[in-house]
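Numbering (our numbering), first residue to last: 1 to 133.
Just so it is clear, CB atoms sit at the ideal spot from N, CA and C, and this is done for glycine as well.
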């Protein structure tokens with residue numbers, strides 16, 4: 001903080017105060033706009049989703065567990081994941097409704113999921129079948 005004050009004081013003495021203030025403020029404003037505002041919107045959307053939950057809703061947890069809400073008690077939700085299998089999870093761990101389509105993962109679009117490895121294994125298995133028969 002002292003560094004900012006000293007920079008502003010030096011700029012005021014030199015006469016270029018407005019430019020140096022803009023140099024300090026514009027990156028901070030861009031950082032706020034690009035990082036904090038989208039996070040706040042996402043948090044608000046999740047809070048709205050959690051507040052609208054009711055018994056009978058099909059949901060997905062952060063761990064990928066699918067289930068139907070059977071009971072809500074404060075911050076804890078009882079999920080029926082199979083016949084006569086009920087687990088208790090935190091309300092905040094519920095990420096989305098099971099009826100909503102899953103959003104694609106960001107950042108991994110160019111990666112393969114091991115399909116080349118699987119095709120090699122398939123081709124070598126078929127080669128073994130050709131030589132055996």
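Grab the span of the beta strand (DSSP E) containing residue 72 for me, first residue to last. Taking the chain shown and counting its residues from 1, the one referred to as residue 72 is at position 72. Its beta strand (DSSP E) spans residues 66-73.
Using only the alpha-carbon positions, how far apart do residue 36 and residue 48 sit? Locating residue 36 in the chain shown gives position 36, where the first residue counts as 1. Locating residue 48 in the chain shown gives position 48, where the first residue counts as 1. Between residue 36 and residue 48, the alpha-carbon positions lie close to 18 angstroms from each other.
Assuming residue 60 contacts residue 98 (C-beta within less than 8 angstroms), just tell me the rounded distance between them. By 1-based counting over the chain shown, the position of residue 60 is 60. By 1-based counting over the chain shown, the position of residue 98 is 98. About 5 angstroms; that satisfies the 8 angstroms criterion.
Alpha carbon to alpha carbon, how far is residue 74 from residue 93? Indexing the chain shown from 1 puts residue 74 at position 74. Indexing the chain shown from 1 puts residue 93 at position 93. Their Cα atoms are separated by approximately 14 angstroms.
Classify residue 19: buried if its beta carbon has 16 or more other beta carbons within 10 angstroms, exposed otherwise. The residue labelled residue 19 in the question sits at position 19 within the chain shown. In this structure residue 19 is exposed. Its beta-carbon is surrounded by fewer than 16 other beta-carbon atoms within 10 angstroms.
Provide the residue span of the beta strand (DSSP E) that contains residue 94, from first to last. Mapped onto the chain shown, residue 94 falls at position 94. In this chain, the beta strand (DSSP E) harbouring residue 94 covers 94-97.
DSSP has residue 82 in a bridge; who is on the other side? The residue you call residue 82 lines up with position 82 of the chain shown. Answer is 85, bridged to residue 82.
Name the DSSP bridge partner or partners of residue 60? Taking the chain shown and counting its residues from 1, the one referred to as residue 60 is at position 60. Residue 60 is bridged to 66, 96.
May I have the straight-line CA-CA distance separating residue 17 from residue 32, to the nearest angstrom? Taking the chain shown and counting its residues from 1, one reaches residue 17 at position 17. Taking the chain shown and counting its residues from 1, one reaches residue 32 at position 32. In a straight line, the C-alpha of residue 17 is about 23 angstroms away from that of residue 32.
Taking 8 angstroms as the threshold (C-beta atoms), are residue 67 and residue 76 in contact? The sequence position of residue 76 within the chain shown is 76, counting from 1. The sequence position of residue 67 within the chain shown is 67, counting from 1. Contact flag unset, no.
Going by DSSP, name the residue or residues bridged to residue 50. Along the chain shown, read from residue 1 onward, the residue named residue 50 stands at position 50. Paired residue(s): none; residue 50 is not in a bridge.
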